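Data block below; observations after.
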Amino acid sequence: MRNCPAIDRILKTASEILRTAGKVCEISGYNRSPQDVWVLVSAIWAAICWLNLSYALPPASFEVEGQKIHASEAIWGTGVTNCLDTSLLFVTCLEQAQLHPVIALTENHAFCGIWLCKVTLSALIAEEAELLRKHAVLSDLWASRKTCDGKNKETAD
Numbered sequence: 032m033r034n035c036p037a038i039d040r041i042l043k044t045a046s047e048i049l050r051t052a053g054k055v056c057e058i059s060g061y062n063r064s065p066q067d068v069w070v071l072v073s074a075i076w077a078a079i080c081w082l083n084l085s086y087a088l089p090p091a092s093f094e095v096e097g098q099k100i101h102a103s104e105a106i107w108g109t110g111v112t113n114c115l116d117t118s119l120l121f122v123t124c125l126e127q128a129q130l131h132p133v134i135a136l137t138e139n140h141a142f143c144g145i146w147l148c149k150v151t152l153s154a155l156i157a158e159e160a161e162l163l164r165k166h167a168v169l170s171d172l173w174a175s176r177k178t179c180d181g182k183n184k185e186t187a188d
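Per our numbering, the very first residue in the sequence shown carries number 32; after that it's consecutive.
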């Protein structure tokens, strides 16, 4: 739901963070250097951190498999989220900023990353992490395992 008001408010805050830092404050995707993409991504993450989110278990549901997800507006309103919600909120902001995010799912955790240059892969889903690891070594891809409370989650590579 890239076009919801919560996403626009986060991007507006990111733009203000950039302006205050004396950086280009346009939310203009890959029309910049990889270093400037990194600065934009950092500003978007800082704007999300300013929401002062609190980690909570996934919402109760009757599904046997899967997980209900908090919508962006609900996260904005309540400040309650989990790793999957936060990852989806972040990648939604990145997509709205015309960037190409990545979501990584492990058995008990979700985290996200971003292509620092415009990259197109042959498939939308990668079952093995080796391709992503190679791009991380090349500094084309950045990924974080941090949760919304800033703590690292232990995950299997």
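Glycine residues also receive a C-beta, built at the ideal position from the N, C-alpha and C atoms. Since the model is a prediction, treat every value here as computed from it, not as a measurement.
Going by CA-CA distance only, name the one from the options that's closest to residue i.
{"i": "S103", "options": "A87, F121, E96", "result": "F121"}
{"i": "E138", "options": "E96, P65, W107", "result": "E96"}
{"i": "C35", "options": "K165, E126, S170, V133", "result": "E126"}
{"i": "L82", "options": "L163, T117, R164", "result": "T117"}
{"i": "G53", "options": "D39, A37, L71", "result": "L71"}
{"i": "D67", "options": "S46, A87, C80", "result": "S46"}
{"i": "H140", "options": "S170, C80, L88", "result": "L88"}
{"i": "F142", "options": "T51, L119, P65", "result": "L119"}
{"i": "S85", "options": "I100, W69, I106, R40", "result": "I106"}
{"i": "A37", "options": "L130, H131, W69, G110", "result": "G110"}
Got a sec, what are the start and stop residues for the beta strand (DSSP E) residue i sits in?
{"i": "A135", "result": "132 to 136"}
Just to confirm the assignment, what range does the alpha helix (DSSP H) spanning residue i have?
{"i": "L49", "result": "36 to 51"}
Who does residue i pair with in a DSSP beta bridge?
{"i": "L172", "result": "W146"}
{"i": "V72", "result": "Partner(s): none; V72 has no beta bridge."}
{"i": "Y86", "result": "T112"}
{"i": "A141", "result": "L136"}
Leaving out five residues on either side along the sequence, give the residues of the same chain with a beta carbon under 6 Å from the beta carbon of residue i.
{"i": "L49", "result": "C56, A74"}
{"i": "Y61", "result": "K149"}
{"i": "P65", "result": "L147, C148"}
{"i": "H131", "result": "W146"}
Among the residues of its own chain, which have a CB less than 8 Å from the CB of residue i, if the five just before and after it don't count?
{"i": "L163", "result": "V133, A135, G144, A157, L172, A174"}
{"i": "L42", "result": "I58, I75, A78, C124, Q127, A128"}
{"i": "D39", "result": "Q127"}
Quick check on residue i: buried or exposed, where buried means 16 or more other Cβ atoms within 10 Å of its Cβ?
{"i": "C114", "result": "buried"}
{"i": "T19", "result": "Residue coverage of the chain in this structure runs from 32 to 188, which leaves residue 19 outside it and unanswerable."}
Note down, in chain order, each residue of its chain lying with its Cβ closer than 7 Å to the Cβ of residue i, except the 5 sequence neighbours on either side.
{"i": "T44", "result": "A78, W81"}
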